[in-house]
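Here's the structure, in structure tokens; my notes come after.
There are 2 protein chains.
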Amino acid sequence: MKDEKKRGRPRAFDAKAALSKARDVFWDRGFAAASLDNLSAATNLNRPSLYGAFGDKEDLYLDTLEGYRQDGMNTLAEALDPSLPLHDNIARVYAGALAIYLHGETAARGCLLIGTASVEAVQHERVREVLGRSLNDFDDEIEKRMRLGVERGELPQSADPQMLARLASAVMHSLAVRARAGDSRETLEAIARSGVELICGSANNP
Amino acid sequence: MKDEKKRGRPRAFDAKAALSKARDVFWDRGFAAASLDNLSAATNLNRPSLYGAFGDKEDLYLDTLEGYRQDGMNTLAEALDPSLPLHDNIARVYAGALAIYLHGETAARGCLLIGTASVEAVQHERVREVLGRSLNDFDDEIEKRMRLGVERGELPQSADPQMLARLASAVMHSLAVRARAGDSRETLEAIARSGVELICGSANNP
DNA sequence: TCATATTTGTACTGTTTCGCATTAAATTCT
DNA sequence: AGAATTTAATGCGAAACAGTACAAATATGA
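Protein sequences appear in the order of chains A and F.
Following full-length UniProt numbering, the numbering of the first sequence begins with 1 at its first residue and continues without gaps.
Following full-length UniProt numbering, the numbering of the second sequence begins with 1 at its first residue and continues without gaps.
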């Protein structure tokens with residue numbers, strides 16, 4: 001499925017690496033302010049090569065969003081390792097998020113989706129779809145863990161797993177926004193800690 | 001302070017109304033994708049008039065952000081009317097936010113600051129400053145009410161007003177993002193209700 | 001070896017962009 | 001009434017922009 005030798009001249013670049021470089025450009029500048037020259041320079045690809053490999057600017061952007069989304073889902077699944085207590089799971093979710101959000105050259109970049117796709121979502125339906133789906137999938141994954149928490153007695157029987165999941169996500173959304181707004185790591189970590197306590201704190205404390 | 005007749009030709013437009021129209025353009029398209037032609041058409045002002053009145057595009061954008069911020073602070077202050085119970089206060093904060101976030105032509109526009117300033121915050125320091133200040137001021141205002149809640153016994157003495165305030169804001173940040181991502185009013189209202197319960201729910205329930 | 005297929009690089013096109021220069025219009029001060 | 005001052009409207013110009021045409025380069029298949 002991979003070694004089917006294609007006919008013509010082979011590619012001189014790694015599409016995944018190029019996509020990663022393009023993602024960084026979008027992450028820093030957003031979709032609208034990222035020019036094809038920026039993307040071309042960052043990926044070391046001429047514009048025609050970019051078009052050939054990924055389509056137009058919006059296609060390329062959607063590709064980076066989709067890749068980011070899948071990476072995020074993988075990170076989330078790891079953080080939610082069900083052999084750990086719920087409290088630790090949510091703390092790990094936030095820690096993983098902050099590790100990503102706080103990585104930036106000039107200023108922290110936050111979340112690629114929340115930070116850059118939100119703007120475009122109003123006018124670009126495809127972007128809105130990816131953003132909405134990403135947020136929902138994230139909620140759903142956490143909800144599963146919450147439901148397990150209720151079964152296990154980590155959460156009271158009266159707890160609403162869906163709503164708890166959405167509120168757990170909400171804290172993460174806020175971390176994403178605040179990171180991009182320039183809040184310090186200390187502040188963000190404090191919010192994450194308080195969020196964990198509020199959402200699943202009543203569980204461990206008798 | 002207002003009727004000091006200036007020397008030259010008087011303005012044929014209302015600066016506040018123009019700013020409001022410009023704000024709508026930025027709200028829908030974001031800063032980068034909003035062209036001066038868009039802004040000129042929406043405000044019924046030629047480009048030179050825009051420059052004369054507000055400066056360049058970034059200046060105009062910052063003006064709209066500042067106005068939005070102040071409107072938001074006023075709405076917040078009303079919602080936090082201390083003669084009402086804390087529970088109602090926070091519910092009113094979210095209701096007020098949703099009333100603003102869900103108002104859009106094609107799709108809901110969310111929060112102007114979170115939805116459009118976040119992208120620019122990384123590269124435009126002045127935008128990052130306004131965004132950070134706005135989030136902080138919002139937190140601080142809610143924190144005051146939380147502190148009052150502790151004094152009054154609406155919240156337990158052990159409650160951390162600052163952190164509760166930041167988490168209350170977090171729910172609102174999430175509403176802003178989710179509105180722009182296309183979530184329904186029902187979903188958003190449900191999240192708001194759950195947020196109120198989680199943050200100040202343990203207070204009213206004996 | 002030669003045709004076929006794909007990628008690469010240069011250069012181009014037409015549009016959009018921002019910001020300003022310039023002139024005409026409207027008002028106040030003297 | 002005329003000078004001074006501010007705003008309005010037209011329109012310019014230089015740069016940036018997205019996307020593509022075309023030819024050279026590099027591989028496979030016959």
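Beta carbons: idealized from backbone N, C-alpha and C, even for Gly.
Please read these numbers as outputs of a predicted model, since none were measured by experiment.
request  = Alpha carbon to alpha carbon, how far is E125(A) from R166(A)? Give it in angstroms, no decimals.
outcome  = Working through the first sequence from its first residue, we reach residue 166(A) at position 166. Working through the first sequence from its first residue, we reach residue 125(A) at position 125. Spanning the two alpha carbons is a distance of roughly 23 Å.
query = Nearest CA to the CA of A192(A): which residue from E141(A), D160(A) and V93(A)?
reply = Position 192 of the first sequence, counted from the start, is the residue given in the question as residue 192(A). Checking every option, the nearest Cα to that of A192(A) belongs to V93(A).
key: Neighbouring residues, chain A, relative to A33(F) (Cβ below 7 Å)   = Stepping through the second sequence from its first residue, residue 33(F) is reached at position 33. Scanning chain A for C-beta atoms nearer than 7 Å to the C-beta of A33(F) yields A32, reported in chain order.
task = May I have the straight-line CA-CA distance separating D81(F) from A97(F), to the nearest angstrom?
result = Locating residue 81(F) in the second sequence gives position 81, where the first residue counts as 1. Locating residue 97(F) in the second sequence gives position 97, where the first residue counts as 1. For D81(F) and A97(F), the distance between alpha carbons rounds to 16 Å.
query = If we count the other Cβ atoms within 10 Å of its Cβ and call it buried at 16 or more, is S83(F) buried or exposed?
reply = Within the second sequence, numbered from 1, the residue matching residue 83(F) stands at position 83. Exposed, since its Cβ has fewer than 16 Cβ neighbours within 10 Å.
request  = For V130(F), collect the residues of the same chain with a Cβ closer than 6 Å to its Cβ; drop the 5 residues on either side in sequence, then sort them by chain order.
outcome  = Numbered from 1 along the second sequence, position 130 holds the residue referred to as residue 130(F). Taken in chain order, the residues that qualify are L65.
ask   = Any C-beta of chain F sitting closer than 8 Å to the C-beta of G201(A)?
value = Within the first sequence, numbered from 1, the residue matching residue 201(A) stands at position 201. Not an interface residue.
ask   = Is it true that the CB of I114(A) sits closer than 8 Å to the CB of residue 213(A)?
value = No answer is possible for residue 213(A): it lies beyond the span of chain A, which begins at 1 and ends at 206.
ask   = Using the rule of at least 16 other Cβ atoms within 10 Å of the residue's Cβ for burial, across every protein chain shown, is S169(A) buried or exposed?
value = Here the question's residue 169(A) lines up with position 169 in the first sequence. Burial call: buried.
query = Candidates E186(A), P156(A), A91(A) and A181(A): which alpha carbon is nearest A108(A)'s?
reply = Position 108 of the first sequence, counted from the start, is the residue given in the question as residue 108(A). With respect to the C-alpha of A108(A), the residue from E186(A), P156(A), A91(A) and A181(A) having the closest C-alpha is A181(A).
inquiry  = Please identify, using Cβ separations under 7 Å, the residues of the region 83-101 of chain F that lie next to chain A, in order along the chain.
reply    = none
task = Could you tell me whether any Cβ in chain A is nearer than 8 Å to the Cβ of G195(F)?
result = Residue numbering aside, residue 195(F) sits at position 195 when the second sequence is read from its first letter. At least one CB of chain A lies nearer than 8 Å to the CB of G195(F).
key: CB contact check: S118(F) to chain A, cutoff 8 Å   = By 1-based counting over the second sequence, the position of residue 118(F) is 118. Yes - at least one Cβ of chain A is within 8 Å of the one on S118(F).
query = What is the DSSP secondary structure of G182(F), counted as helix, strand or coil?
reply = The sequence position of residue 182(F) within the second sequence is 182, counting from 1. G182(F) falls in the coil class under three-state DSSP.
inquiry  = On the DSSP letters alone, give me the boundaries of the alpha helix (DSSP H) that P10(F) sits inside.
reply    = Sequence index remark: in the second sequence, residue 10(F) carries index 10 (1-based). Looking at the DSSP string, P10(F) is not in any alpha helix (DSSP H), and its letter there is neither H nor E.
key: Span of the alpha helix (DSSP H) around residue 224(F)   = Only positions 1 to 206 of chain F appear in the structure, and residue 224(F) is not among them; the question remains open.
task = Look at the Cβ atom of V119(A), then the Cβ atom of T116(F), and state whether they are nearer than 8 Å.
result = Position 119 of the first sequence, counted from the start, is the residue given in the question as residue 119(A). Position 116 of the second sequence, counted from the start, is the residue given in the question as residue 116(F). For V119(A) and T116(F), yes; Cβs fall inside 8 Å.
ask   = Is I191(A) close to chain F, meaning its C-beta is less than 8 Å from at least one C-beta of that chain?
value = Translated into positions along the first sequence, residue 191(A) becomes position 191. True, the Cβ-Cβ gap to chain F drops below 8 Å.
message = Please state the DSSP three-state secondary structure of V25(A).
response = Position 25 of the first sequence, counted from the first residue, corresponds to residue 25(A). Three-state result, V25(A): helix.
message = Assuming R152(F) is part of the alpha helix (DSSP H), what are its boundary residues?
response = If you number the second sequence from 1, residue 152(F) lands on position 152. Element bounds for R152(F): E125 to R152.
key: Nonlocal neighbours in the same chain, by C-beta distance under 7 Å from A179(F), ignoring five residues either side   = For the purposes of this step, residue 179(F) is taken as residue 179 along the second sequence, with counting starting at 1. Here the set comprises Y101, L102, A108, G110 and L188.
ask   = Going along chain F in order, which residues have a C-beta closer than 8 Å to the C-beta of residue 254(A)?
value = Summary: the structure shown does not reach residue 254(A), with chain A confined to residues 1 through 206, and so no result is reported for it.
query = Starting from F54(A) and walking both ways along the alpha helix (DSSP H), at which residues does that stretch end?
reply = Numbered from 1 along the first sequence, position 54 holds the residue referred to as residue 54(A). Taken as a continuous stretch (DSSP letters only), the alpha helix (DSSP H) holding F54(A) covers R47 to F54.
inquiry  = At the level of alpha carbons, what is the spacing between G8(A) and L45(A)?
reply    = Along the first sequence, one-based indexing puts residue 8(A) at 8. Along the first sequence, one-based indexing puts residue 45(A) at 45. Here the alpha carbon of G8(A) sits roughly 18 Å from the alpha carbon of L45(A).
request  = Report yes if the CB atom of K16(A) is closer than 8 Å to the CB atom of A42(A), and no otherwise.
outcome  = Sequence index remark: in the first sequence, residue 16(A) carries index 16 (1-based). Sequence index remark: in the first sequence, residue 42(A) carries index 42 (1-based). Not closer than 8 Å, so no.
key: Rounded separation between R69(F) and F13(A) - CA only   = The residue labelled residue 69(F) in the question sits at position 69 within the second sequence. The residue labelled residue 13(A) in the question sits at position 13 within the first sequence. Approximately 46 Å, taken between the alpha carbons.
request  = In the DSSP assignment, find the unbroken alpha helix (DSSP H) run with T43(A) in it and report its ends.
outcome  = Translated into the one-based positions of the first sequence, residue 43(A) becomes position 43. First-last of the alpha helix (DSSP H) with T43(A): L36 to T43.
inquiry  = If we define contact as Cβ-Cβ less than 8 Å, is L198(A) a contact residue for chain F?
reply    = As a position in the first sequence, residue 198(A) is number 198, starting the count at 1. Closer than 8 Å to some Cβ of chain F, the Cβ of L198(A) qualifies, so yes.
ask   = the ligand ZN heavy atoms versus the CB of H87(F): any closer than 7 Å?
value = Questions concerning the ligand ZN fall outside what the structure shown contains, since it holds no ligand whatsoever.
ask   = How would you call G153(F), buried or exposed, if buried means at least 16 neighbouring beta carbons within 10 angstroms?
value = Along the second sequence, one-based indexing puts residue 153(F) at 153. Classification of G153(F): exposed, given that the 10 Å Cβ count is below 16.
key: Status (buried if at least 16 other CB within 10 Å, exposed otherwise) for D183(A)   = In the first sequence, the residue the question calls residue 183(A) occupies position 183. That one is buried.
Proximal residues of chain F, C-beta to C-beta of D140(A) below 8 Å = Taking the first residue of the first sequence as position 1, residue 140(A) is located at position 140. For D140(A), none of the residues of chain F pass the 8 Å Cβ criterion, the least Cβ distance being about 13 Å.
request  = With a threshold of 16 other CB atoms inside 10 Å of the CB of D139(A), please say whether the residue is buried or exposed.
outcome  = In the first sequence, counting from the first residue as 1, residue 139(A) sits at position 139. When all chains shown are included, D139(A) counts as buried.
query = Taking C-beta to C-beta, are L50(F) and S40(F) nearer than 8 Å?
reply = Translated into the one-based positions of the second sequence, residue 50(F) becomes position 50. Translated into the one-based positions of the second sequence, residue 40(F) becomes position 40. Their beta carbons are under 8 Å apart, which means L50(F) touches S40(F) by this criterion.
ask   = Can you list the residues of chain F that D160(A) reaches, using a CB-CB cut of under 8 Å?
value = To locate residue 160(A), count along the first sequence from 1; it is residue 160. Residues of chain F passing the Cβ test: S194.
ask   = Does any CB atom of chain F fall closer than 8 Å to the CB of H173(A)?
value = Position 173 of the first sequence, counted from the first residue, corresponds to residue 173(A). Yes, contact with chain F.
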